[in-house]
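Here the structure is laid out as structure tokens; the discussion comes afterwards.
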């Protein structure tokens, strides 16, 4: 791969065809480079490609990938059909693990978004100055901060 991976993949697809199997490190990857092949996989053969890979960190955090997000399509359809109410879930360790999973999913999404936003601000000093000025204007030298100071639309 070069510093322009999309071009490297294009060149490989010209040589090997519209569907390729690559090993990127220890990750087995399928590369689709034509719209016809993408349609075939996403619409016609979709049930063969819906499973997700097991990643070491997720198997540690999510109990060997047994949470809903990492199960196969068939198992997911059974879960969502038969257990549509959270009141019918199991008690004990399973429920504690699912609560932990839901909490981690919510915090991971928020923290990833915040990290991205802060990195973008660091890369763009002019935008950061503008954001700092706006925060200072909204706070008006207050000692404490309340979320309704900057987001009046959530007031009831």
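Residue numbers (this note's numbering): 92 to 247. For glycine and all other residues, C-beta sits at the position ideal for the given N, C-alpha and C.
- Taking 7 Å as the cut-off, the Cβ atoms of residue 121 and residue 112 count as close.
- Taking 7 Å as the cut-off, the beta carbon of residue 124 is found closer than this to the beta carbon of residue 109.
- Per DSSP, residue 111 lies in no alpha helix (DSSP H) segment; the continuous beta strand (DSSP E) that holds it begins and ends at 110–115.
- Rounded to whole angstroms, the gap between the alpha carbons of residue 194 and residue 102 is 43 Å.
- A direct Cα-to-Cα measurement between residue 215 and residue 227 gives close to 18 Å.
- Leaving aside the five residues that flank residue 100 on each side, the residues in its chain whose CB is nearer than 7 Å to its CB run, in chain order, 122 and 124.
- In the structure shown, the three-state DSSP call for residue 235 is coil.
- In this chain, the beta strand (DSSP E) harbouring residue 119 covers 118–123.
- Residue 212 and residue 136 have their C-alpha atoms some 42 Å from each other.
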